[in-house]
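Residue numbers (the UniProt record's numbering): 1 to 148.
Cβ coordinates follow ideal geometry from the N, Cα and C atoms, glycine included.
Take a look at the structure below.
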């Protein structure tokens, strides 16, 4: 099975409230799966790496269900793409931990993945999910303040 995956992570404040998201498309370009996740207070870079980790976990699940999976993953974080592809080193201690997890997931023989950079305007679906998740979290916090 072949998939295209768009991922994004974002933080309002950097560090600040953060979320990650992914959109998985099937061979026909139809949305197969989309998910966003609130990450708490963290940085943009951590959120981007968490998005990649989430996508690889979802692809691992698809490989268990359908056999070998090929996926093109697209992200608008040029830094993360270059770190993943070995062009830049990961220096931040928190990122090193996530990086190791991601590389282990990507090494799964049932997965054949590539990670490429796209400009933000070509990553709108994943970006929208990140912002919806952050808005949802912000609204939940406002609601709880009103109740108190």
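- Cα atoms of residue 83 and residue 90: separation of roughly 6 Å, rounded to the nearest angstrom.
- If you draw a straight line from the Cα of residue 87 to the Cα of residue 35, it comes to about 29 Å.
- Collapsing the DSSP output to three states places residue 42 in a strand.
- The Cβ atoms of residue 85 and residue 105 lie no closer than 8 Å to each other.
- Here the alpha carbon of residue 132 sits roughly 18 Å from the alpha carbon of residue 43.
- Around the beta carbon of residue 53, a 10 Å sphere encloses 16 or more other beta carbons of the protein chains shown; the residue is thus reported as buried.
- Proximity of the segment 27 to 41 to the segment 63 to 79 falls short of the contact definition, fewer than three beta-carbon pairs being nearer than 8 Å.
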